[in-house]
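Quick notes on the structure that follows.
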Amino acid sequence: MLTTKNVRAVLIWTVVLAMGGVIAAGYAVTELASHSDHWIEQALRSKLAEIAPDWEVDFESLTFDVRGELQLKNVRVRPHSGPENIDLLQVPMLELELDGELLRNDQRVIVRHVLLHQPQAVLFRDASGRWNWQAGRIPPSTSGVSPPWEVEDGRALIGVQQLTDGPVQELTVEHASGTFRPEAFRRYAGKAQVQLAGMSPADVNILFDAQSGEWRVNGATRSLQVNDALLSSVARLIPDGEAKLASLGIGRPRTGGPNGVNGSPLNRWASNAMERGGNVPVEMASAAANTASALRADAKLQFHVGQARKGEPFDYAVTASIDRGQLSDAVLPIPLFDLSTDIELTPDRLVIRELSAANGESRLFVDGELVRGEAGWGKEFVVRATQLRLDRRVRQFLTPGLLKLYDLLQPAGVFDLDVGVIDDGVARPQVTLRKFTAIDCSAIHAMFPYPVQGVTGDIQQQGEVFHINMQGLAGDRPVTLSGIAVPDGVRTQLDLTVHGTGIPVDDRLHTALNTPKLSGALKAIEALDLHGRGDGTARFTKRGELDPTIQIQLDIQLRDGTVN
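Going left to right, the sequence shown walks through residues 1 to 564 as the numbering used here numbers them.
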């Protein structure tokens, strides 16, 4: 026959292990009805202090009946060494369903089900990287029974402190509900529905093994509205995340405000969450309110995050399908609309597939990836643009080599662009002009500034060599530009030929020849008072360091002309 001491042990271990995730069962019980709830409550509090010295566990009241129902009201759990006034867990109502038949017939206590009504968890990581749940040891289990768990309308506040005594950055999880069933002893798997503040619900699968420390969460969102406020709230959890986001024109880094744990929104929310129902902090809910969003998009996410065992690195993978996106001119010189792409993110890789965006008739396409290596992040991207309108604003985005080529030809108008970028994180990035296609452009060669309109053709890069093949009209006469260029400062190599037929000898030609290197030809034309039309060929060459300046050869054959 069981003693009072055994009865106390059964009830105490059942409740303690239920709250800590380790449910105890398997003891014989008799004559439970003879013991009052008050006696059980006092025994439980005493036993908690004995077996969980690292934790402060409190509850308002306890109710038990011999049919197998045990209830604890307003449960609070916090580590003794954790931040002051912050509960790790608050549960307004915790219910345990015992096996009534075994209780009556065999005098055994087996927990069949655990239900947490509206639990609220506060997960805090300080500047050293330590989480609040690591502040105390979880009491060990002495039972081999693991009942299913059910959570109804749970909430969690995740706080991350990047700097000692710095502000606590927050992320809120709302309306979390799910059921978790044992796969093995202290190993649970289940499905839940959760919602981050400001987002649509996400369906998730969760696995947790209390023995090994393994845990996994994977799932998908139904739909997601991406905007500045959402990106800012996520960036607050990343070191320098807000500053990096602000450098792109999205959001602003928060300055001032309460520092440390006790004066932070996290502390105020945590200490009052039970009373006011766990509302989203005002500071977070109003982020970027009443401001124009630099980024807007619809997205669907699939995600996985987990840890193979305690102490091992976190592993995660996120796949995002983005549609109907928009980037304002706060991010780019030219706003982009109708943005869509698929993105994959892991700890060592970021892949962007088939990114497409538009501005009027112009469209942008991007494919590529970033891969983490020993020297840092390597990049390999292909950027294509169609029906772009080119003007001098593009100069600020060009590499030194492309900038020299741009200044030499001074193109403007409508074009297509295909650029490759490779950066291994060690050597200088390689930017390759895979193809520049002029559709309806104009150009003025810096060495022979005769305006050319209606330019078509292309420029392609092979290695360090730019191959140029373009056609246009000088007035109403055909002109071609062909050759190669290797822009490299004083080592620049150049061999370009401009050829035109039937070019009128008029004021435009005089203006084009009025340069230091062509002034001799201009003086000869003026001295002879030449008029009419001519076929002209101008060749521009530079043999690297052998030629300190560009050499010009000019050949003009006069047709239908006059000389005075």
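We put the beta carbon where it would ideally sit given N, CA and C, even for glycine. Quantities reported herein were computed from a predicted structural model and do not represent experimental measurements.
Original post:
Does the region 488 to 498 come close enough to the region 526 to 535 that 3 or more CB-CB pairs lie under 8 Å?
Top reply: no
Original post:
In chain order, what residues of the same chain have a beta carbon less than 6 Å from the beta carbon of Q161, not counting five sequence neighbours either side?
Top reply: Translated into the one-based positions of the sequence shown, residue 161 becomes position 161. Contacts found: D126, A127, V168.
**OP:** Give the DSSP-derived three-state secondary structure of P281 in the structure shown.
**Re:** Your numbering for residue 281 matches position 281 in the sequence shown. In this predicted model, P281 has a pLDDT of only 38, less than 50, meaning its place in the structure is not dependable; the value taken from the coordinates is given anyway. Reduced to three states, the DSSP call for P281 is coil.
**OP:** Give me the Cα-Cα distance between N218 and E97, rounded to the nearest whole angstrom.
**Re:** In the sequence shown, counting from the first residue as 1, residue 218 sits at position 218. In the sequence shown, counting from the first residue as 1, residue 97 sits at position 97. Whole-angstrom Cα-Cα distance: 29 Å.
Original post:
T549 by DSSP, collapsed to three states: which one?
Top reply: Sequence index remark: in the sequence shown, residue 549 carries index 549 (1-based). DSSP places T549 in coil when its eight states are reduced to three.
Original post:
Under three-state DSSP, which class holds V397?
Top reply: In the sequence shown, the residue the question calls residue 397 occupies position 397. The sequence given here places Phe at residue 397; Val does not occur at that position. Three-state DSSP puts F397 in a helix.
**OP:** Consult DSSP for M274 and reduce its assignment to one of helix, strand or coil.
**Re:** Along the sequence shown, one-based indexing puts residue 274 at 274. Confidence at M274 is low in this model, with a pLDDT of 38, below 50, so the placement of that residue is unreliable and no value is reported for it.
Subject >> Straight-line Cα distance separating S223 from L309 >> reply: Locating residue 309 in the sequence shown gives position 309, counting from the first residue. Locating residue 223 in the sequence shown gives position 223, counting from the first residue. For clarity, residue 309 is Arg in the given sequence; the question names Leu instead. Taking the straight line from one Cα to the other gives about 32 Å.
Subject >> Sheet register partners of T501 (DSSP bridge) >> reply: Working through the sequence shown from its first residue, we reach residue 501 at position 501. Note: T501 sits in no beta bridge, so no partner.
**OP:** Inspect the CB distances between the region 400 to 418 and the region 471 to 479 and report whether three or more fall short of 8 Å.
**Re:** no
Original post:
Roughly how many whole angstroms lie between the Cα atoms of D560 and A512?
Top reply: Stepping through the sequence shown from its first residue, residue 560 is reached at position 560. Stepping through the sequence shown from its first residue, residue 512 is reached at position 512. Their Cα atoms are separated by approximately 21 Å.
**OP:** Would you mind working out which of R428, F59, L336 sits nearest A294, comparing C-alpha positions?
**Re:** Working through the sequence shown from its first residue, we reach residue 294 at position 294. Looking at the Cα atoms, L336 is the closest of the given residues.
Original post:
Between E95 and the rest of its own chain, which residues show a CB-CB distance below 6 Å, the 5 nearest in sequence each way excluded?
Top reply: The residue given as residue 95 occupies position 95 in the sequence shown. Around E95: Q71, L115.
Original post:
Opposite N469 in the DSSP bridges: which residues?
Top reply: For this step, residue 469 is matched to residue 469 along the sequence shown. In DSSP, N469 forms a bridge with D458, S482.
Subject >> Distance between L509 and P548 (C-alpha atoms, nearest Å) >> reply: Sequence index remark: in the sequence shown, residue 548 carries index 548 (1-based). Sequence index remark: in the sequence shown, residue 509 carries index 509 (1-based). So the two alpha carbons sit approximately 27 Å from each other.
Subject >> Environment of I110 [buried if 16+ CB atoms lie within 10 Å] >> reply: Position 110 of the sequence shown, counting from 1, holds the residue named residue 110. By the neighbour-count rule (16 or more Cβ atoms within 10 Å), I110 is buried.
**OP:** Kindly indicate which three-state DSSP category I110 falls into: helix, strand or coil?
**Re:** Reading the sequence shown from its first residue, position 110 is the one you call residue 110. I110: coil per DSSP, three-state reduction.
Subject >> In DSSP terms, what L94 is bridged to >> reply: The sequence position of residue 94 within the sequence shown is 94, counting from 1. Paired residue(s): L72, L116.
**OP:** Classify L88 as helix, strand or coil using the three-state DSSP reduction.
**Re:** Locating residue 88 in the sequence shown gives position 88, counting from the first residue. DSSP places L88 in coil when its eight states are reduced to three.
**OP:** Throw me the rounded Cβ distance for the L370 and G378 pair, which I believe falls under 8 Å.
**Re:** Position 370 of the sequence shown, counted from the start, is the residue given in the question as residue 370. Position 378 of the sequence shown, counted from the start, is the residue given in the question as residue 378. Indeed, because the Cβ distance is near 7 Å, the residues count as touching under 8 Å.
Original post:
Under the rule that 16 or more other beta-carbon atoms within 10 Å means buried, what is T164, buried or exposed?
Top reply: Reading the sequence shown from its first residue, position 164 is the one you call residue 164. Burial call: exposed.
Original post:
Cβ of P53 within 7 Å of any heavy atom in the ligand COA?
Top reply: The ligand COA is not among the ligands present in this structure, which contains no ligands whatsoever.
**OP:** Could you tell me the distance, in whole angstroms, from the CA atom of E464 to the CA atom of I422?
**Re:** Position 464 of the sequence shown holds residue 464. Position 422 of the sequence shown holds residue 422. Approximately 14 Å between the Cα atoms of the pair.
**OP:** Evaluate G68 with the Cβ neighbour count: other Cβ atoms within 10 Å of its Cβ, from every protein chain shown; 16 or more gives buried, anything less gives exposed.
**Re:** Along the sequence shown, one-based indexing puts residue 68 at 68. Label assigned to G68: buried.
Original post:
Does Y316 come within less than 8 Å of chain D when only Cβ atoms are used?
Top reply: The question asks about chain D, but that chain is absent: this structure has only one protein chain.
Original post:
Excluding five sequence neighbours on each side, which residues of the same chain lie with their C-beta closer than 7 Å to the C-beta of K542?
Top reply: Against the sequence shown, residue 542 aligns to sequence position 542. The answer, listed in chain order, is T492, Q493, L494, I550, Q551.
**OP:** Alpha carbon to alpha carbon, how far is V57 from L48? Give it in angstroms, no decimals.
**Re:** Start at 1 with the first residue of the sequence shown, and residue 48 comes out as number 48. Start at 1 with the first residue of the sequence shown, and residue 57 comes out as number 57. If you take the alpha carbons of L48 and V57, they lie about 7 Å apart.
Original post:
Which first and last residues belong to the alpha helix (DSSP H) in which H510 is found?
Top reply: Sequence index remark: in the sequence shown, residue 510 carries index 510 (1-based). Its alpha helix (DSSP H) spans residues 507 to 513.
Original post:
Leaving out five residues before and five after R434 in sequence, what residues of the same chain have Cβ atoms less than 8 Å from its Cβ?
Top reply: Taking the first residue of the sequence shown as 1, we reach residue 434 at position 434. Same-chain partners within the cutoff: V382, D418, V419, G420, Q460, Q461.
Original post:
CA-CA distance, R372 and D348?
Top reply: One-based indexing of the sequence shown puts residue 372 at position 372. One-based indexing of the sequence shown puts residue 348 at position 348. Approximately 5 Å between the Cα atoms of the pair.
Subject >> Contact under 8 Å by Cβ, R78 with L62 >> reply: Taking the first residue of the sequence shown as 1, we reach residue 78 at position 78. Taking the first residue of the sequence shown as 1, we reach residue 62 at position 62. Against a cut-off of 8 Å, the Cβ pair of L62 and R78 comes out as no contact.
**OP:** Compute the Euclidean distance between the alpha carbons of A121 and D153, then round it to the nearest angstrom.
**Re:** Working through the sequence shown from its first residue, we reach residue 121 at position 121. Working through the sequence shown from its first residue, we reach residue 153 at position 153. A121 and D153: Cα-Cα distance of roughly 12 Å.
Original post:
Whose C-beta lies closer than 7 Å to the C-beta of F436 among residues of the same chain, with five residues either side of it excluded?
Top reply: Locating residue 436 in the sequence shown gives position 436, where the first residue counts as 1. Same-chain partners within the cutoff: F415, L417, D458, I459.
Subject >> Extent of the continuous alpha helix (DSSP H) run through A521 >> reply: Along the sequence shown, one-based indexing puts residue 521 at 521. Its alpha helix (DSSP H) spans residues 519 to 528.
**OP:** Pick out whichever of R181, L157, D506, K300 has its Cα sitting closest to the Cα of L196.
**Re:** As a working mapping, residue 196 is identified with position 196 in the sequence shown. Answer by Cα proximity: L157.
Original post:
Counting along the chain, where does the beta strand (DSSP E) carrying G178 start and finish?
Top reply: As a working note, residue 178 is residue 178 in the sequence shown. Where G178 is concerned, the enclosing beta strand (DSSP E) stretches over 168 to 184.
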